[in-house]
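Undergrad: Line order of the protein sequences matches chains A, B and C. If you use numbering that gives the first Met the number 0, the first sequence closes out at 439, no skipped numbers anywhere. If you use numbering that gives the first Met the number 0, the second sequence closes out at 162, no skipped numbers anywhere. If you use numbering that gives the first Met the number 0, the third sequence closes out at 361, no skipped numbers anywhere. C-beta: ideal position from N, C-alpha, C; glycine also. If you scroll down you'll find the structure; I have some questions about it.
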Amino acid sequence: MKHILTLVTMLMMWPVSLLAQDGEPLRLELTEGVIEPLPYAVPDFISDNAEGAEFGRNMARVIANDLSGTGLFREIPDKAFISRITSFTSPVQYADWKAINAQALVTGSVSVDDTGKLVARFRLYDVFSGGELGSGLQFVGTQAGWRRIAHKIADQVYSRITGESGYFDSRVVFVSETGPKDQRAKRLAIMDYDGADVKYLTDNSSIVLAPRFSPTGDRILYTSYESGFPRIYVLDVASVGRRELESQRGTMSFAPRFSPDGQTVIYSLTRGGNTDLFSMDIRTGNSRQLTSAPSIETAPSFSPDGRQIVFESDRSGSPQIYIMSASGGEPRRISQGKGRYGTPVWSPRGDLVAFTKQAKGRFHIGVMRLDGSEERLLTASYLDEGPTWSPNGRVIMFTRETPGANGQAALWSVDISGRNLKQLQIASGGSDPAWSPLQN
Amino acid sequence: MTYMSKILILCAGLALAACTDADRFGNNNGGYDPNAAAGDPTTPAYFQQTVGDRVLFEVDQSNLTAGAQSTLDGQAQWLMNNTAYNAIIEGHADEQGTREYNLALGARRANTVHEYLVSRGVAGSRLQVVSYGKERPIEICSEESCYAQNRRAVTVISAAPNS
Amino acid sequence: MNTGQIISGAGHLGLIFWALLGGLFSPEPLPVETTDVSMISGEEFAALMAAEQSPDAVAIIETPEPPRIEDAAPDLASTADDTPDLSQPDTTQETPPDDAPDVSRITPPDVAEVSDEAPQLTPPNEEVAVMVPEISERPRERPTNRVAPIPVAPSEPDVRIDDVAQPEVAPDEAAETPQDVTEETAQEEANTRIVTEADSLEPPSSSLRPRSRPTRRPEPVEEPQETQTASDTPDSTVNAALQEALATPTSAPGGPPMTRGEKDAMRLAVQRCWNVGALSSEALNTTVVVAVSMTKDGKPISGSIQQLSASGGSGAATKQAYEAARRAIIRCGATGYDLPRDKYDRWRNIEITFNPEKMRIK
Numbered sequence: 000m001k002h003i004l005t006l007v008t009m010l011m012m013w014p015v016s017l018l019a020q021d022g023e024p025l026r027l028e029l030t031e032g033v034i035e036p037l038p039y040a041v042p043d044f045i046s047d048n049a050e051g052a053e054f055g056r057n058m059a060r061v062i063a064n065d066l067s068g069t070g071l072f073r074e075i076p077d078k079a080f081i082s083r084i085t086s087f088t089s090p091v092q093y094a095d096w097k098a099i100n101a102q103a104l105v106t107g108s109v110s111v112d113d114t115g116k117l118v119a120r121f122r123l124y125d126v127f128s129g130g131e132l133g134s135g136l137q138f139v140g141t142q143a144g145w146r147r148i149a150h151k152i153a154d155q156v157y158s159r160i161t162g163e164s165g166y167f168d169s170r171v172v173f174v175s176e177t178g179p180k181d182q183r184a185k186r187l188a189i190m191d192y193d194g195a196d197v198k199y200l201t202d203n204s205s206i207v208l209a210p211r212f213s214p215t216g217d218r219i220l221y222t223s224y225e226s227g228f229p230r231i232y233v234l235d236v237a238s239v240g241r242r243e244l245e246s247q248r249g250t251m252s253f254a255p256r257f258s259p260d261g262q263t264v265i266y267s268l269t270r271g272g273n274t275d276l277f278s279m280d281i282r283t284g285n286s287r288q289l290t291s292a293p294s295i296e297t298a299p300s301f302s303p304d305g306r307q308i309v310f311e312s313d314r315s316g317s318p319q320i321y322i323m324s325a326s327g328g329e330p331r332r333i334s335q336g337k338g339r340y341g342t343p344v345w346s347p348r349g350d351l352v353a354f355t356k357q358a359k360g361r362f363h364i365g366v367m368r369l370d371g372s373e374e375r376l377l378t379a380s381y382l383d384e385g386p387t388w389s390p391n392g393r394v395i396m397f398t399r400e401t402p403g404a405n406g407q408a409a410l411w412s413v414d415i416s417g418r419n420l421k422q423l424q425i426a427s428g429g430s431d432p433a434w435s436p437l438q439n
Numbered sequence: 000m001t002y003m004s005k006i007l008i009l010c011a012g013l014a015l016a017a018c019t020d021a022d023r024f025g026n027n028n029g030g031y032d033p034n035a036a037a038g039d040p041t042t043p044a045y046f047q048q049t050v051g052d053r054v055l056f057e058v059d060q061s062n063l064t065a066g067a068q069s070t071l072d073g074q075a076q077w078l079m080n081n082t083a084y085n086a087i088i089e090g091h092a093d094e095q096g097t098r099e100y101n102l103a104l105g106a107r108r109a110n111t112v113h114e115y116l117v118s119r120g121v122a123g124s125r126l127q128v129v130s131y132g133k134e135r136p137i138e139i140c141s142e143e144s145c146y147a148q149n150r151r152a153v154t155v156i157s158a159a160p161n162s
Numbered sequence: 000m001n002t003g004q005i006i007s008g009a010g011h012l013g014l015i016f017w018a019l020l021g022g023l024f025s026p027e028p029l030p031v032e033t034t035d036v037s038m039i040s041g042e043e044f045a046a047l048m049a050a051e052q053s054p055d056a057v058a059i060i061e062t063p064e065p066p067r068i069e070d071a072a073p074d075l076a077s078t079a080d081d082t083p084d085l086s087q088p089d090t091t092q093e094t095p096p097d098d099a100p101d102v103s104r105i106t107p108p109d110v111a112e113v114s115d116e117a118p119q120l121t122p123p124n125e126e127v128a129v130m131v132p133e134i135s136e137r138p139r140e141r142p143t144n145r146v147a148p149i150p151v152a153p154s155e156p157d158v159r160i161d162d163v164a165q166p167e168v169a170p171d172e173a174a175e176t177p178q179d180v181t182e183e184t185a186q187e188e189a190n191t192r193i194v195t196e197a198d199s200l201e202p203p204s205s206s207l208r209p210r211s212r213p214t215r216r217p218e219p220v221e222e223p224q225e226t227q228t229a230s231d232t233p234d235s236t237v238n239a240a241l242q243e244a245l246a247t248p249t250s251a252p253g254g255p256p257m258t259r260g261e262k263d264a265m266r267l268a269v270q271r272c273w274n275v276g277a278l279s280s281e282a283l284n285t286t287v288v289v290a291v292s293m294t295k296d297g298k299p300i301s302g303s304i305q306q307l308s309a310s311g312g313s314g315a316a317t318k319q320a321y322e323a324a325r326r327a328i329i330r331c332g333a334t335g336y337d338l339p340r341d342k343y344d345r346w347r348n349i350e351i352t353f354n355p356e357k358m359r360i361k
């Protein structure tokens, strides 16, 4: 008996002694992994009442669309499931999920409480490691806001696995387009990032162009021909009230963008055929000229810290990308390749600039570093333009227009690695998308 | 706005449908009756069809060709003979460019025309410029034949507010 | 010491291994691991929630009733009252563009799209659906969802996609021992780098190599060898363990050194499951060194996996980088790595450096 006890003790000690006593471990260095979508499962959220059941299914679908839509994750369809989630609090049968190679598992419950609020909970499991990634969370919201709750859960899953914040609970403002090319009707519209819930902010009686969100997402800057001339307007998203920001007779103003603190607007102003950059204090209306060159200076974009501006200028003879201080001064050219460069947009992290490039009769969306190095073209088509960054800097949305008399503009998105190129499914044509920050 | 409104009210009074209809960017016979007006050299229809209301530009260029200059000479002459009218010069670009850059490019073209007309004696106060960039093509194919027609500056005649 | 004692000693050693490997290293997690989840009560859950909630109301969102933007849309008709703005095409909001004179150019899809009042998501019309990147006749790298060190051509349609390519092993009727029927699997189609739409316009510098035959040999069937020893243990598993223990040369501790080929094979085997595709760019800048202890049959011991060091990233990025490394070791080792059994001491403990440097620019 004593021997047995000793043996058991030895056995229990074994793994420790393995590490402690043995000689040199085998050392390996891996430098090349694979890049492939991570398989996951998201069974319908369970519900203890019939009211919640439909939400449970719909929310699981929205979460799956969010995750799979990134191209980073691949959903395992529920017909492959071996075990069912019947209770949110029961232990997960890891073996059943391992068997179908579900590396991540999202479970959840949803119910409607006494006050009519939707209460949703979720947990995320790392199946092969046999544990939870983070802890369970509960969300409470209105029933009408069920999509937003689902997006928030998907954002949580995304950030817990990838290590960066998500972008699903966000919106996109864009120009909805209808009608043939030479009679195109344009109006400002806003929707969820995934194309759901489109709402119109203006009618289609005037041309509208290139909207941009304020840093908090509550206001939108855009250009409209309402007065007969292009002028910039600021629109309050909640009330849809709008006012003209800049109106000097004999000038055109366009390409407005907010500074990161929301206090300043930079824009292009054309006078006597010459277009320069200006900045305006949005409260006082005082404006200041930032460039004064006979060339075209337009399409500005602030750095995330608000100190610099990247913009497009044809001072060299063709449109190229430049960076200068937000207060003006000598710009330095960053685009180095052959071709024409335009519509630079600073990435949310501050390390990249997305741009439109025109070369050899085709248009590309690309990214480059701030010194113009590591240029990488992500797309190629007859006409791609106007990139906008997802709030986490992982995805770029842009306008793609097809050629010919029946040409249509549509919204597309692509991962900054160049993968997962796809078209957003919306009812009308669309152009000039601008991504909001993550909503609160 | 009030200035514009006056122009437009008068414009409507003269029944110049071309100022108002959706085909104002169209390349011909917008609202004019060619039989009634084109023969009369004092009408906007004459200006549009006989003098020529537009000039075309090379790719990325805003300088005037010899042909364009001769058209604009005619425009200047007509404007000086018909002081009851003012003009808005619309600059346009083809679709081969980014939206905001093309807006600025169209403005350059319109301004070139503006400056030329002024240099030929038209009072600057009678002229306004606006750019539509690539927003209003008149030809919709995606070939050079169409692009060439879209790279244009169009002089749109309207009744002067105090005539 | 006579032969019998050696055999007896070895037998006990084998028993220890069996007890160790057979019991503690069960691939199935013990139910105990999950009880902390199941035992949680509603109150505890709520308390947990409260603790987890960050002050920025991540946990509880108040979703305000979305503003009825459509209703509040600016009505130009009202502004047109004081100044009849005839320059506007038509102030009637509902006038669809196909009232415009040039009807001939309106294509059917445009007409369908005129219903721009409908905020509902509708399926794309056909015109839109055919807008796929043009594909020429020439062979080229095709955009795939997967990037791997070695390109993998598309597999045959009836082959299941797996992390490890395995040849089909059909049951051999003649075999006396039961044999696992192995379904043929193939690795998912992959390029050696991300091929963007812009890239795919250019002809490839080299064509995609056809998928090589799976290099992994079928699991050798463990045939119980006739043992000369008189063991009184009836349990055949113990017998096998004993046999295995006997087979391990004791004269040279650790056995001969691992060959370069053996090390490479192990490295490649883990790389196949090291999926960095879902990592943030910061996590892709993080190198982690992970230690793992192995069972004798080449399986990683999940509980032994630990991070030894990390460099280049913040806490969160390091965590994700480590988790991806851990998943790689566990997943591809689920059926045991193909390591030389006679050199167990050489690979009993493994330290793997996961350096994603080359993956950043794929």
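By the criterion of Cβ-Cβ separation under 7 angstroms, what are the contact partners of Asn354 (chain C) in chain A?
TA: Near Asn354 (chain C) (Cβ distances below 7 angstroms), the residues of chain A are Glu28, Leu29, Thr30.
Undergrad: State yes or no: is the C-beta of Thr285 (chain C) within less than 7 angstroms of the C-beta of Ala320 (chain C)?
TA: Contact flag set, yes.
Undergrad: Rounded to whole angstroms, how far is the Cβ of Ala152 (chain B) from the Cβ of Ala122 (chain B), which I believe are closer than 8 angstroms?
TA: Not a contact, Cβ separation roughly 19 angstroms.
Undergrad: Within its chain, find whatever has a CB closer than 6 angstroms to the CB of Arg339 (chain A); leave out the 5 residues flanking it on each side and keep chain order.
TA: Excluding residues within five positions, the ones whose Cβ falls inside 6 angstroms are Ser317, Pro318, Gln357.
Undergrad: One question on the structure: do Asp168 (chain A) and Lys151 (chain A) come within less than 7 angstroms of each other, judged by their Cβ atoms?
TA: Contact flag set, yes.
Undergrad: Distance, Cα to Cα, Val41 (chain A) vs Tyr199 (chain A)?
TA: Taking the straight line joining both Cα atoms gives about 33 angstroms.
Undergrad: Check whether chain A comes within 7 angstroms of Glu261 (chain C), counting only Cβ atoms and requiring the distance to be less than that.
TA: Not closer than 7 angstroms to any Cβ of chain A, the Cβ of Glu261 (chain C) fails to qualify, so no.
Undergrad: Helix, strand or coil: how does DSSP classify Phe46 (chain B) here?
TA: In this structure, Phe46 (chain B) counts as helix in the three-state DSSP scheme.
Undergrad: Report the partner residues of Ala188 (chain A) according to the DSSP bridge assignment.
TA: According to DSSP, Ala188 (chain A) bridges with A:Phe173, A:Tyr199.
Undergrad: Judging by CA-CA distance, which residue of A:Ala188, A:Trp434, A:Val264 is the nearest neighbour of Ser346 (chain A)?
TA: It is A:Trp434 whose Cα lies nearest to the Cα of Ser346 (chain A).
Undergrad: Phe80 (chain A): which of A:Leu136, A:Ala426, A:Asn100, A:Arg186 sits nearest, CA to CA?
TA: Comparing Cα-Cα distances from Phe80 (chain A) to each of A:Leu136, A:Ala426, A:Asn100, A:Arg186, the minimum goes to A:Asn100.
Undergrad: Helix, strand or coil, according to DSSP, for Glu74 (chain A) in the structure here?
TA: If DSSP states are grouped into helix, strand and coil, Glu74 (chain A) belongs with the strands.
Undergrad: Could you please tell me which residues of the segment 315-343 of chain A, in chain order, have their CB closer than 7 angstroms to any CB of chain B?
TA: Result list: Pro318, Gly341, Thr342.
Undergrad: Can you list, in chain order, the residues of its chain whose CB lies under 6 angstroms from that of Arg359 (chain C), leaving out five sequence neighbours each side?
TA: Closer than 6 angstroms at the Cβ level, and outside the excluded window around Arg359 (chain C), lie Leu283.
Undergrad: Please say whether Thr378 (chain A) and Glu196 (chain C) have beta carbons closer to each other than 7 angstroms?
TA: Yes, these two residues count as a Cβ contact at 7 angstroms.
Undergrad: So Leu71 (chain B) and Leu78 (chain B) are in contact, right, with Cβ under 8 angstroms, and what is the actual spacing, rounded?
TA: No, Leu71 (chain B) and Leu78 (chain B) are not in contact; Cβ-Cβ is about 10 angstroms, not under 8 angstroms.
Undergrad: Counting along the chain, where does the beta strand (DSSP E) carrying Met367 (chain A) start and finish?
TA: Counting along the chain, the beta strand (DSSP E) containing Met367 (chain A) begins and ends at 361-368.
Undergrad: Would you say Arg150 (chain B) reaches chain A, if we count a Cβ-Cβ gap shorter than 7 angstroms as a contact?
TA: Judged by the 7 angstroms Cβ criterion, Arg150 (chain B) is not in contact with chain A.
Undergrad: Can you give me the C-alpha to C-alpha distance between Glu245 (chain A) and Leu382 (chain A), rounded to a whole angstrom?
TA: Computed Cα separation, rounded: 31 angstroms.
Undergrad: If you draw a straight line from the C-alpha of Leu71 (chain A) to the C-alpha of Ser158 (chain A), how long is it?
TA: Those two C-alpha atoms are separated by around 12 angstroms.
Undergrad: Kindly indicate if chain B contains any beta-carbon less than 7 angstroms away from that of Pro255 (chain A).
TA: No, its Cβ sits nowhere closer than 7 angstroms to a Cβ of chain B.
Undergrad: Taking contact to mean at least 3 C-beta pairs separated by less than 8 angstroms, is the segment 94-110 of chain B in contact with the segment 53-61 of chain B?
TA: They touch, by the three-pair rule.
Undergrad: Which residues in chain B sit within 8 angstroms of Met58 (chain A), going by Cβ to Cβ distance?
TA: Here the premise fails: no neighbours, minimum Cβ distance about 38 angstroms.
Undergrad: Leaving out five residues before and five after Gly55 (chain A) in sequence, what residues of the same chain have Cβ atoms less than 7 angstroms from its Cβ?
TA: Asp43, Phe44, Ile45, Ser46, Val109.
Undergrad: Residues in the same chain with beta-carbon distance under 6 angstroms from Ile206 (chain A), minus the five sequence neighbours each way, listed in chain order, please.
TA: If we look at Ile206 (chain A) and ignore the five residues flanking it on each side, its Cβ neighbours are Lys185, Tyr224.
Undergrad: So the alpha helix (DSSP H) Thr317 (chain C) belongs to, where does it begin and stop?
TA: Counting along the chain, the alpha helix (DSSP H) containing Thr317 (chain C) begins and ends at 314-331.
Undergrad: May I have the straight-line CA-CA distance separating Pro210 (chain A) from Phe397 (chain A), to the nearest angstrom?
TA: Cα-Cα distance, rounded: 13 angstroms.
Undergrad: Quick check on DSSP: helix, strand or coil for Met58 (chain A)?
TA: Helix at Met58 (chain A).
Undergrad: Determine whether the Cβ of Tyr146 (chain B) lies closer than 7 angstroms to any Cβ atom of chain D.
TA: Among the protein chains in the structure shown, which are A, B and C, there is no chain D.
Undergrad: Quick one: grab the DSSP three-state call for Thr70 (chain B).
TA: Three-state DSSP puts Thr70 (chain B) in a helix.
Undergrad: Establish whether the CB of Leu71 (chain A) and some CB of chain C are separated by less than 7 angstroms.
TA: Interface residue, yes.
Undergrad: Shorter than 7 angstroms from the beta carbon of Ala277 (chain C) to some beta carbon of chain A?
TA: Output row for Ala277 (chain C): interface = yes.
Undergrad: Let me know if Pro330 (chain A) comes out buried or exposed under the rule of 16 or more other beta-carbons within 10 Å of its beta-carbon.
TA: Answer is buried; the Cβ neighbour count reaches 16.
Undergrad: Using a C-beta cutoff of 7 angstroms, does Ile364 (chain A) count as contacting chain B?
TA: Output row for Ile364 (chain A): interface = no.
Undergrad: Taking 7 angstroms as the CB-CB cut-off, is Lys298 (chain C) touching chain A?
TA: Chain A, which has no Cβ nearer than 7 angstroms to the Cβ of Lys298 (chain C), makes this no.
Undergrad: How long is the line joining the alpha carbons of Ser291 (chain A) and Ala149 (chain A), rounded to whole angstroms?
TA: Cα to Cα, the separation comes out at about 49 angstroms.
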